[in-house]
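Mapping to UniProt numbering: the sequence shown position 155 is 155, numbers consecutive.
Heads up, the thing below is written out as structure tokens.
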Amino acid sequence: MSLLDIRNLSVRFGDANAVPVVDGLDLSVEKGEVLAIVGESGSGKSVTMLALMGLIDAPGIVKADELSFDGTDMLKLKGRQRRRIIGKDLAMVFQDPMTALNPSYTVGFQIEEVIRQHLGLSGKAARQRALELLERVEIPGAASRLNAYPHQLSGGMSQRVAIAMAIAGEPKLLIADEPTTALDVTIQAQIMDLLLDLQRDRNMALVLITHDLAVVAETADRVCVMYAGQAVEVGKVPELFDAPAHPYTEALLAAIPEHCQGATRLSTLPGIVPGRYDRPHGCLLSPRCPYAQEQCRAQRPSLDPSALGAVRCFFPLNQLPLNQEVTR
Numbered sequence: 001m002s003l004l005d006i007r008n009l010s011v012r013f014g015d016a017n018a019v020p021v022v023d024g025l026d027l028s029v030e031k032g033e034v035l036a037i038v039g040e041s042g043s044g045k046s047v048t049m050l051a052l053m054g055l056i057d058a059p060g061i062v063k064a065d066e067l068s069f070d071g072t073d074m075l076k077l078k079g080r081q082r083r084r085i086i087g088k089d090l091a092m093v094f095q096d097p098m099t100a101l102n103p104s105y106t107v108g109f110q111i112e113e114v115i116r117q118h119l120g121l122s123g124k125a126a127r128q129r130a131l132e133l134l135e136r137v138e139i140p141g142a143a144s145r146l147n148a149y150p151h152q153l154s155g156g157m158s159q160r161v162a163i164a165m166a167i168a169g170e171p172k173l174l175i176a177d178e179p180t181t182a183l184d185v186t187i188q189a190q191i192m193d194l195l196l197d198l199q200r201d202r203n204m205a206l207v208l209i210t211h212d213l214a215v216v217a218e219t220a221d222r223v224c225v226m227y228a229g230q231a232v233e234v235g236k237v238p239e240l241f242d243a244p245a246h247p248y249t250e251a252l253l254a255a256i257p258e259h260c261q262g263a264t265r266l267s268t269l270p271g272i273v274p275g276r277y278d279r280p281h282g283c284l285l286s287p288r289c290p291y292a293q294e295q296c297r298a299q300r301p302s303l304d305p306s307a308l309g310a311v312r313c314f315f316p317l318n319q320l321p322l323n324q325e326v327t328r
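Pasting the structure below:
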């Protein structure tokens with residue numbers, strides 16, 4: 001059994017007839033695995049993980065055939081039951097640490113609150129554990145930072161505090177949502193190194209939501225590519241980068257500057273992501289796909305297992321005969 005199992009997850013905002021922000025998503029995470037989720041803004045990456053955490057409020061509607069973590073059905077959890085898991089076995093580092101931290105309380109108080117809630121420590125023991133966590137995430141002058149407020153910290157320092165809070169409960173799965181957003185390049189590398197060091201040290205699973213394919217190539221075991229709320233390809237990183245099966249994955253990789261082989265313009269995919277009122281009847285990529293055929297425009301493909309993972313495509317690129325001429 002996987003640590004995390006998601007089957008046919010859908011998330012809508014408004015009513016049951018609204019266009020899904022996440023549409024029929026299947027995903028799993030194994031113990032100790034690093035899974036990256038990539039895709040352009042609005043593809044449903046963060047919403048998927050927020051649904052798992054129970055952070056989709058009304059008018060959001062979350063439905064799934066299965067949404068289980070470590071054998072627990074997350075859809076059935078209420079109140080106190082959920083709080084026993086969220087922040088302890090399952091934790092999340094949010095995209096903007098400046099808004100994730102409470103400006104009214106010191107760093108030490110906020111970390112100690114997690115420790116009291118999930119580890120049962122209090123007083124000096126909780127304070128000492130908070131200090132150890134700040135030292136573990138490599139914050140200089142950790143003892144003095146316990147009494148600092150979030151506005152007194154830099155962006156990189158705030159992200160380290162957020163990571164310390166997330167690992168305070170010793171989670172089995174840590175979700176990192178764009179953990180290096182708005183940080184300079186040097187700090188980005190330090191934060192990623194820290195997350196991976198923690199993942200290896202604690203043998204915890206890590207879900208990394210990112211736009212940076214270079215980071216994915218260096219850090220992840222598997223990758224899930226999302227487009228318009230759907231997972232379009234899932235596979236091991238080396239195989240997916242070497243031979244993408246889905247046209248959207250191919251387009252993402254082709255847009256990496258290093259892959260453009262000195263061209264003056266980066267590769268692009270014509271058109272835009274379908275919106276609420278212009279979603280095609282067939283494959284959601286079909287209006288933009290250079291390989292689209294009549295079946296693609298008429299039917300919506302499912303995410304089917306392939307030799308190297310899973311792909312949502314009637315004509316996977318790694319199964320097309322060489323030099324096949326595509327009818328458009």
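Even glycine gets a Cβ: it sits at the ideal position worked out from N, Cα and C.
Since this is a predicted model, take the numbers as computed values, not measurements.
Need the endpoints of the alpha helix (DSSP H) that Q128 sits in, please. For Q128, the enclosing alpha helix (DSSP H) begins and ends at 123-136.
Just curious, the alpha helix (DSSP H) that F13 is in, first and last residue? That residue, F13, is in no alpha helix (DSSP H); its beta strand (DSSP E) goes 4-13.
Report the residue from L317, K88, R279, L131 whose alpha carbon sits nearest the alpha carbon of A228. Nearest C-alpha to A228 among L317, K88, R279, L131: R279.
If I measure Cβ to Cβ from D184 and keep anything under 7 Å in the same chain, skipping five residues before and after, which residues do I get? The answer is none, since no qualifying residue turns up.
K88 (DSSP reduced to helix, strand or coil): In the three-state reduction of the DSSP assignment, K88 falls in the coil class, being assigned neither a helical nor a strand state.
Segments assigned alpha helix (DSSP H), at least 4 residues, entirely inside the segment 246-287: Whole alpha helix (DSSP H) segments, 4+ residues: 247-254.
Would you say L240 and A255 are within 9 Å of each other, going by their C-beta atoms? Going by C-beta atoms, L240 is not nearer than 9 Å to A255.
Between the Cα of A18 and those of Q299, G275, L308, spot the shortest distance and give me the residue it belongs to. A check of alpha carbon separations from A18 across Q299, G275, L308 identifies G275 as the nearest.
Shortest alpha-carbon distance to A162 belongs to which of E113, L9, V225, D5? From the listed residues E113, L9, V225, D5, the smallest Cα separation to A162 is found for E113.
Find the nearest neighbour of A126 within the set Q95, A168, M53, M92, judged by alpha-carbon distance. Closest option to A126, Cα to Cα, is A168.
Taking a contact to mean a Cβ-Cβ separation below 9 Å, would you say I111 touches L153 in this structure? No; because the gap between Cβ atoms is not below 9 Å, this pair is not in contact.
Note down the Cα distance separating L27 from F109, rounded to an integer number of angstroms. Between the C-alpha atoms of L27 and F109 there is a straight-line separation of about 36 Å.
Considering only residues of the same chain and omitting the five flanking positions on each side of I37, which have a CB-CB separation below 6 Å? The beta carbon of I37 is closer than 6 Å to those of K45, I209, C224 in its chain, skipping five residues each way along the sequence.
Among residues of its own chain, excluding the 5 on either side of R103, which ones have a beta-carbon nearer than 8 Å to its beta-carbon? Note on identity: in this sequence residue 103 is Pro, with Arg being the wrong assignment. Cβ-Cβ distances below 8 Å link P103 to Y149, P150, H151 in the same chain, with the five nearest sequence neighbours on each side left out; the list follows chain order.
For P4 and F94, which I take to be in contact (beta-carbon distance under 8 Å), what is that distance rounded to the nearest angstrom? In the sequence as presented, Pro is not what sits at residue 4; that position holds Leu. The pair is not a contact, with the Cβ atoms about 18 Å apart (cut-off 8 Å).
How would you call G14, buried or exposed, if buried means at least 16 neighbouring beta carbons within 10 angstroms? The Cβ neighbour count for G14, taken over all protein chains shown within 10 Å, is under 16; the residue is labelled exposed.
Rounded to whole angstroms, what is the Cα-Cα separation between R136 and Q199? Spanning the two alpha carbons is a distance of roughly 13 Å.
Cβ-based neighbour list, G87, same chain, cut-off 7 Å, excluding 5 preceding and 5 following: Non-local C-beta neighbours of G87 in its own chain, meaning closer than 7 Å and more than five positions away in sequence, comprise V114, Q117, H118, G169, ordered along the chain.
DSSP on residue 340, reduced to helix/strand/coil? Residue 340 lies beyond the stretch modelled for the chain, which goes from 1 to 328, so this question has no answer here.
Distance CB(A247)-CB(P305) smaller than 9 Å: The question names Ala, yet the displayed sequence has Pro at residue 247. Remark: C-beta atoms of P247 and P305 do not approach each other more closely than 9 Å.
Between Q230 and D89, which are expected to be in contact by the criterion C-beta below 8 Å, what is the C-beta distance as a whole number of angstroms? That belief does not hold up - the Cβ atoms of Q230 and D89 are roughly 28 Å apart, past 8 Å.
Backbone CA spacing between F314 and C296 [nearest angstrom]: Going from the Cα of F314 to the Cα of C296 covers about 7 Å.
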